[in-house]
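Q: Once you've had a glance at the structure underneath, I'll fire off some questions.
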Amino acid sequence: MISITIFLYIFLSFLCICAEQQKPTVSLKFLHQINIPINSTNISFPLLAYIGKQEFISYISYHSHSLEFVELPSLKKQSISFQSKQNFPYSHFPVSKDSIILCYQIEGEWGKFPSLMDKTGNIIKEYSQIKQVAEDGKILFYPHLMPTYISAEYLYATINLFDYPRNRDYFSVPHKFISKTNLINGETTFAPIQYPQSYQGHLWRENLEWCLGKNGEIVYSFPASSFLVIQDTLISTKLYKANSIRIDTIKPLASWEDLEVKISYMRNTPFYKEVIYDKYRNLYYRIAKYANADKDKAKYSLIVLNDAFTKLGEVDFPFDMVNDKRSVPLISKEGIYFRYLDVPNNQLSFKVYQVLVD
Numbered sequence: 001m002i003s004i005t006i007f008l009y010i011f012l013s014f015l016c017i018c019a020e021q022q023k024p025t026v027s028l029k030f031l032h033q034i035n036i037p038i039n040s041t042n043i044s045f046p047l048l049a050y051i052g053k054q055e056f057i058s059y060i061s062y063h064s065h066s067l068e069f070v071e072l073p074s075l076k077k078q079s080i081s082f083q084s085k086q087n088f089p090y091s092h093f094p095v096s097k098d099s100i101i102l103c104y105q106i107e108g109e110w111g112k113f114p115s116l117m118d119k120t121g122n123i124i125k126e127y128s129q130i131k132q133v134a135e136d137g138k139i140l141f142y143p144h145l146m147p148t149y150i151s152a153e154y155l156y157a158t159i160n161l162f163d164y165p166r167n168r169d170y171f172s173v174p175h176k177f178i179s180k181t182n183l184i185n186g187e188t189t190f191a192p193i194q195y196p197q198s199y200q201g202h203l204w205r206e207n208l209e210w211c212l213g214k215n216g217e218i219v220y221s222f223p224a225s226s227f228l229v230i231q232d233t234l235i236s237t238k239l240y241k242a243n244s245i246r247i248d249t250i251k252p253l254a255s256w257e258d259l260e261v262k263i264s265y266m267r268n269t270p271f272y273k274e275v276i277y278d279k280y281r282n283l284y285y286r287i288a289k290y291a292n293a294d295k296d297k298a299k300y301s302l303i304v305l306n307d308a309f310t311k312l313g314e315v316d317f318p319f320d321m322v323n324d325k326r327s328v329p330l331i332s333k334e335g336i337y338f339r340y341l342d343v344p345n346n347q348l349s350f351k352v353y354q355v356l357v358d
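Next up, the structure:
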């Protein structure tokens, strides 16, 4: 009887080990590095656009007053000079070769409304009707800093909130983080989103990270939450665990008024960053920033999930990054483009990696 018990124990242990070994693993395979010549470092954060059947890296050159398109993989460059010398765009969002949404600073206000430019550099439409102000914020178009998407005739943008979480009550009420604007008639609706229960009664990073998912649903998360939230209607939501193995617990901010405490918290506390949908591989990525002794560089990891939001694994970024939006990778048909900054000032460089799920 004892021998049978021992046999069953060994057999079940073997099955558990086999099951553990069969779990998928995620890794990054280096493909190559691309170096794009630039005439000045004074450029906007680059975007990756898929226009027609061709991929481009695009950015605004503030030095040459132009919008630059770099064709991939040939690196052939095309420039569009801005015709207006009065107002200068600070960001852009390519829709097609003949339709580029520009975001202007007008009358000292950032992103008052977007405009549509053609391939000759002329403004063909101004969406001045998009001035609707949400109850607790206003629409700002920061495609290079905040999630911005176009789906059919709709422009999805992030709302910059007027209020900041200087008190704990801020996290107890829903906020209108995301706007959905019809580019034909200018009608705008908002997606009310509630902070998670774990945020109640504390102070945290307030920003929302989100993307449009495979079927047009909003996929979002908060910096101190282990979960992704899927919102396919205004009221229907689902939660999926998407935590990092690099992050144990995230402590709340002790004081919003103490500047030194706040700076130390923002710099040293681990948190979750962008949520990205990879349409080429049908995967979701969630970026985690974890603790690092180097104050100038930050360590990040990539949490990989399938289209059912099952976590497949997690892999560290291939090298340390600066602690700003330049750490956000660009998703292309070939692979993932990580911005590489240790290069001469006359180069815009990326290291390209392939995501492997074994």
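In full-length UniProt numbering, the protein residues as written are 1 to 358.
Don't be surprised by glycine CBs; every beta carbon is placed ideally from N, CA and C.
These numbers were taken from a predicted model, which means no experiment stands behind them.
Hey, D307 and N345: beta-carbon distance below 7 Å or not?
A: Stepping through the sequence shown from its first residue, residue 307 is reached at position 307. Stepping through the sequence shown from its first residue, residue 345 is reached at position 345. Contact: no.
Q: Quick check on DSSP: helix, strand or coil for E209?
A: Working through the sequence shown from its first residue, we reach residue 209 at position 209. Reduced to three states, the DSSP call for E209 is strand.
Q: From G111 to I303, what does the alpha carbon distance come to, in whole angstroms?
A: Start at 1 with the first residue of the sequence shown, and residue 111 comes out as number 111. Start at 1 with the first residue of the sequence shown, and residue 303 comes out as number 303. Note that G111 scores a pLDDT of 49, beneath 50, so its modelled location is shaky; the value from the coordinates is reported in the next line. Cα-Cα distance, rounded: 32 Å.
Q: DSSP has V343 in a bridge; who is on the other side?
A: Start at 1 with the first residue of the sequence shown, and residue 343 comes out as number 343. Answer is none; V343 lacks a bridge partner.
Q: Taking just the CA atoms, how far does A157 sit from Q132?
A: Along the sequence shown, one-based indexing puts residue 132 at 132. Along the sequence shown, one-based indexing puts residue 157 at 157. Here Q132 scores only 48 on pLDDT, less than 50, and its place in the model should not be relied on; the value that follows carries that caveat. Q132 and A157: Cα-Cα distance of roughly 13 Å.
Q: Report the option in A298, Y337, S225 whose CA atom is closest to the CA atom of D320.
A: Here residue 320 corresponds to residue number 320 of the sequence shown, with the count starting at 1. For the residues A298, Y337, S225, the minimum Cα distance to D320 belongs to A298.
Q: Which residues does DSSP pair with L253 in a beta bridge?
A: The residue you call residue 253 lines up with position 253 of the sequence shown. L253 pairs with nothing; no bridge assigned.
Q: Looking at C-alpha atoms only, which residue of I159, P24, Q78, Y104 is the closest neighbour of T120?
A: Here residue 120 corresponds to residue number 120 of the sequence shown, with the count starting at 1. Of I159, P24, Q78, Y104, the residue nearest in Cα terms is Q78.
Q: Going by C-alpha to C-alpha distance, which of L212, E206, D169 sits closest to S179?
A: Here residue 179 corresponds to residue number 179 of the sequence shown, with the count starting at 1. Ranking L212, E206, D169 by Cα distance to S179 puts L212 first.
Q: From the DSSP output, which residues share a beta bridge with F338?
A: Start at 1 with the first residue of the sequence shown, and residue 338 comes out as number 338. F338 is bridged to K351.
Q: When you compare only the Cα positions, how much space is there between A49 and E55?
A: Taking the first residue of the sequence shown as 1, we reach residue 49 at position 49. Taking the first residue of the sequence shown as 1, we reach residue 55 at position 55. Cα-Cα distance, rounded: 6 Å.
Q: Measure from the alpha carbon of F82 to the alpha carbon of each residue in S96, S172, C103, S74, then state which is nearest.
A: Against the sequence shown, residue 82 aligns to sequence position 82. Of the listed residues, the one whose Cα sits closest to F82 is C103.
Q: I need the straight-line Cα distance from Q231 to N39, nearest angstrom please.
A: Your numbering for residue 231 matches position 231 in the sequence shown. Your numbering for residue 39 matches position 39 in the sequence shown. Distance between the alpha carbons of Q231 and N39 is about 43 Å.
Q: According to the neighbour-count rule (16 or more other Cβ atoms, all chains shown, within 10 Å of its Cβ), is G52 buried or exposed?
A: In the sequence shown, counting from the first residue as 1, residue 52 sits at position 52. Exposed: under 16 other Cβ atoms inside 10 Å.
Q: Please identify the residue among K214, I57, F88 whose C-alpha is closest to the C-alpha of residue 359.
A: Lying outside 1 to 358, the shown extent of the chain, residue 359 is not represented and no answer is given.
Q: By a C-beta neighbour count over all protein chains shown, 10 Å radius and 16 as the cutoff for buried, is D169 buried or exposed?
A: Stepping through the sequence shown from its first residue, residue 169 is reached at position 169. With fewer than 16 Cβ atoms within 10 Å of its Cβ, D169 is classed as exposed.
Q: Between the C-alpha atoms of A254 and V261, what's the straight-line distance to the nearest angstrom?
A: Residue 254 sits at position 254 when you count from the first residue of the sequence shown. Residue 261 sits at position 261 when you count from the first residue of the sequence shown. Roughly 7 Å between the two C-alpha positions.
Q: K125 to L116, Cα distance in whole Å?
A: Here residue 125 refers to the residue found at position 125 of the sequence shown. Here residue 116 refers to the residue found at position 116 of the sequence shown. In a straight line, the C-alpha of K125 is about 5 Å away from that of L116.
Q: Please go through the same chain and pick out, in chain order, the residues whose beta-carbon is closer than 6 Å to the beta-carbon of I34, but skip the five residues on each side of it.
A: Start at 1 with the first residue of the sequence shown, and residue 34 comes out as number 34. Only F350 meet the Cβ criterion.
Q: Exposed or buried, E187, counting other C-beta atoms within 10 Å across all chains shown (16 or more means buried)?
A: Here residue 187 refers to the residue found at position 187 when the sequence shown is read from its first residue. Answer is exposed; the Cβ neighbour count stays below 16.
Q: Whole angstroms are fine: how far does the CA of M146 sit from the CA of L208?
A: Residue 208 sits at position 208 when you count from the first residue of the sequence shown. Residue 146 sits at position 146 when you count from the first residue of the sequence shown. Using only the alpha carbons, I get a separation of about 9 Å.
Q: Residues in the same chain with beta-carbon distance under 7 Å from K184, minus the five sequence neighbours each way, listed in chain order, please.
A: Locating residue 184 in the sequence shown gives position 184, counting from the first residue. The question names Lys, but residue 184 is Ile in the sequence shown. E153, listed in sequence order.
Q: Go ahead and label H175 buried or exposed: buried means 16 or more other beta carbons lie within 10 angstroms of its beta carbon, across all protein chains shown.
A: Position 175 of the sequence shown holds residue 175. Label assigned to H175: buried.
Q: Can you tell which of Y280, I287, L341 has the C-alpha that lies nearest to the C-alpha of Q354?
A: Against the sequence shown, residue 354 aligns to sequence position 354. The shortest Cα separation from Q354 among Y280, I287, L341 belongs to Y280.
Q: Could you check which residue in L259, S244, L305, P329 has the C-alpha nearest to that of A291?
A: In the sequence shown, the residue the question calls residue 291 occupies position 291. The option with the nearest alpha carbon to A291 is S244.
Q: I'd like to check one pair, L67 with I80: are the Cβ atoms closer than 7 Å?
A: The count along the sequence shown starts at 1 and reaches residue 80 at position 80. The count along the sequence shown starts at 1 and reaches residue 67 at position 67. Their beta carbons are under 7 Å apart, which means I80 touches L67 by this criterion.
Q: Mapping the DSSP letters down to three states, classify D358 as helix, strand or coil.
A: Against the sequence shown, residue 358 aligns to sequence position 358. Reduced to three states, the DSSP call for D358 is coil.
Q: On the CB-based measure, 16 or more other CB atoms within 10 Å of its CB, does H92 come out buried or exposed?
A: Numbered from its first residue, the sequence shown carries residue 92 at position 92. With 16 or more other Cβ atoms within 10 Å, it is buried.
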